[in-house]
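Residue numbers (the numbering used here), protein chains in the order written: chain A, 254 to 411; chain B, 254 to 411. The beta carbon of each residue, even a glycine, is placed where N, CA and C say it ideally should be. Here the structure is a predicted model, which means the values were calculated and not measured.
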DNA sequence: TATAATTCCTACTAAACCTATAGGAACACT
DNA sequence: AGTGTTCCTATAGGTTTAGTAGGAATTATA
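#1: Can you find a C-beta in chain B that's less than 8 Å from the C-beta of residue 279 (chain A)?
#2: Quick one: what does DSSP say residue 328 (chain A) is sitting in, helix, strand or coil?
#3: Could you pull the start and end residues of the alpha helix (DSSP H) that residue 343 (chain B) belongs to?
#4: Tell me whether residue 300 (chain A) sits in a helix, a strand or coil according to DSSP, three-state version.
#5: Whose C-alpha, out of A:378, A:400 and A:389, is nearest the C-alpha of residue 387 (chain B)?
#6: What residues from the segment 284 to 314 of chain A come within 7 Å of chain B, judged by C-beta to C-beta, listed N to C?
#7: Identify whether residue 320 (chain A) lies in helix, strand or coil by the three-state DSSP scheme.
#8: Going by C-alpha distance, which of A:279, A:265 and A:274 is nearest residue 393 (chain A)?
#9: Pick helix, strand or coil for residue 287 (chain B), following the three-state DSSP scheme.
#10: Roughly how many whole angstroms lie between the Cα atoms of residue 332 (chain A) and residue 318 (chain B)?
#11: Please check the pair residue 305 (chain B) and residue 320 (chain B), which I expect to be a contact at CB under 8 Å, by giving their CB distance rounded to whole angstroms.
#12: Tell me whether residue 292 (chain A) is buried or exposed, calling it buried when 16 or more other Cβ atoms sit within 10 Å of its Cβ.
#13: Can you name the residues of chain B whose CB is closer than 9 Å to the CB of residue 323 (chain A)?
#14: Mind pulling the chain A residues with CB within less than 8 Å of residue 273 (chain B)?
#15: Quick one: what's got a C-beta closer than 6 Å to residue 341 (chain B)'s C-beta in the same chain, skipping five residues either side?
#16: Can you pull the chain A neighbours of residue 394 (chain B), defined as C-beta to C-beta under 8 Å?
#17: Hey, could you find the ends of the alpha helix (DSSP H) residue 377 (chain A) is sitting in?
#18: Residue 269 (chain B) by DSSP, collapsed to three states: which one?
#19: Quick one: grab the DSSP three-state call for residue 275 (chain A).
#20: I want to verify the contact list: residues of chain A whose CB lies under 7 Å from the CB of residue 320 (chain B), in sequence order.
#21: So, with DSSP's three-state summary, where would you put residue 333 (chain B)?
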């Protein structure tokens, strides 16, 4: 009974910070309102350390994904409709902030045996991942979650 | 002129160690021989630190991917024909050695808003990656490299 | 005007991970 | 024996990650 579902072979493609960023934006998108949502509310809803989320949201604001309102009943809201925002955009920004994000940049000067074949493999991999990322908007995610929850049938024990 | 090709958005999916492991096995596969190849030769051919490669090969041996012969003209060779060995098997082993490799294991007790949608997204991502990994054998890689090199036309300057 | 609640900015820290190195033991061929 | 190789274990430096902290700036409200 110990968290045995959803074991992935793929090693941490998405950092915790990035997942929090996605969660936060998802939370804003799923509220279907223009009102500002407090950090503490988002943090509570998505089980994120409020202080950590604070930093993340500042970055997301600087990137133009969200906007904010300060003061007594301030908070965060989406800067653009969720139909226009893809998961890929957010991931590219958050992960892209890290220093070295290059998978394998092959210097033309020193070709090794296998460079072509591997380079092509990594290219196909990258394209495949990008296709999924860039096609999925937050509107899609919210819609999918809604229909999933609607069709959810709890295990009643009478 | 500074390594500007092959820039990937995708952040380091494959560790350096894992790429070396793939390279080493590729090198063995591409030699089409049953003779043992020395660590130093593999390291030279693939531009890998010999001492680091040493550790990697020991692990690959313990996993059953390669076999070895000790002594004066010892070395490494494939433990199975390259047609039977996929890139995915090697990646799963090398990356799987790391401690926490779980993408998002959702405890059923605490469901958050978005769990379903994200879980499904990661699942699709994982499947997409696994499809590429598990279908590509080292025989395929060697073949692809061979045809690529054959059709390579250098830039002559007369 | 004062107060309280909030976002904003910068710095810091502890732990984990990654890459690589090192020393020497075990083994096999000559 | 002796030489060249693989094998095993430990360790160390650097980078990244995840999260914390203090306090300044801003805004609503009393």
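Taking the structure as given:
#1: Looking up residue 279 (chain A) in the first chain gives position 26. It does; some Cβ of chain B falls within 8 Å.
#2: Position 75 of the first chain, counted from the first residue, corresponds to residue 328 (chain A). Of the three classes helix, strand and coil, the one that applies to residue 328 (chain A) here is strand, per DSSP.
#3: Looking up residue 343 (chain B) in the second chain gives position 90. Taken as a continuous stretch (DSSP letters only), the alpha helix (DSSP H) holding residue 343 (chain B) covers 340 to 349.
#4: For the purposes of this step, residue 300 (chain A) is identified with residue 47 of the first chain, where counting begins at 1. In this structure, residue 300 (chain A) counts as coil in the three-state DSSP scheme.
#5: Numbered from 1 along the second chain, position 134 holds the residue referred to as residue 387 (chain B). Comparing Cα-Cα distances from residue 387 (chain B) to each of A:378, A:400 and A:389, the minimum goes to A:378.
#6: 298, 299 and 300
#7: Within the first chain, numbered from 1, the residue matching residue 320 (chain A) stands at position 67. Here residue 320 (chain A) sits in strand by DSSP.
#8: For the purposes of this step, residue 393 (chain A) is taken as the residue at position 140 of the first chain. Comparing Cα-Cα distances from residue 393 (chain A) to each of A:279, A:265 and A:274, the minimum goes to A:279.
#9: On the second chain, position 34 is the one that residue 287 (chain B) refers to. DSSP places residue 287 (chain B) in coil when its eight states are reduced to three.
#10: Here the question's residue 332 (chain A) lines up with position 79 in the first chain. Here the question's residue 318 (chain B) lines up with position 65 in the second chain. Going by the C-alpha atoms only, they are around 51 Å apart.
#11: As a working note, residue 305 (chain B) is residue 52 in the second chain. As a working note, residue 320 (chain B) is residue 67 in the second chain. Residue 305 (chain B) to residue 320 (chain B), Cβ: 20 Å. No contact.
#12: Counting from 1 along the first chain, the entry for residue 292 (chain A) is found at position 39. The residue in question, residue 292 (chain A), is buried, as its Cβ has 16 or more Cβ neighbours within 10 Å.
#13: The sequence position of residue 323 (chain A) within the first chain is 70, counting from 1. None at all; the shortest Cβ gap to chain B is about 25 Å.
#14: Start at 1 with the first residue of the second chain, and residue 273 (chain B) comes out as number 20. Residues of chain A passing the Cβ test: none, with the nearest at roughly 11 Å.
#15: Within the second chain, residue 341 (chain B) is the residue found at index 88, counting from 1. Around residue 341 (chain B): 386 and 387.
#16: Taking the first residue of the second chain as position 1, residue 394 (chain B) is located at position 141. Per Cβ cutoff of 8 Å: 367, 370, 371 and 374.
#17: Working through the first chain from its first residue, we reach residue 377 (chain A) at position 124. Here the alpha helix (DSSP H) through residue 377 (chain A) covers 368 to 388.
#18: Locating residue 269 (chain B) in the second chain gives position 16, counting from the first residue. Here residue 269 (chain B) sits in helix by DSSP.
#19: To locate residue 275 (chain A), count along the first chain from 1; it is residue 22. If DSSP states are grouped into helix, strand and coil, residue 275 (chain A) belongs with the helices.
#20: Taking the second chain and counting its residues from 1, the one referred to as residue 320 (chain B) is at position 67. Near residue 320 (chain B) there are no residues of chain A at all, since even the closest Cβ is about 21 Å away, more than 7 Å.
#21: What you label residue 333 (chain B) is simply residue 80 of the second chain in a count that begins at 1. Note: residue 333 (chain B) maps to coil in three-state DSSP.
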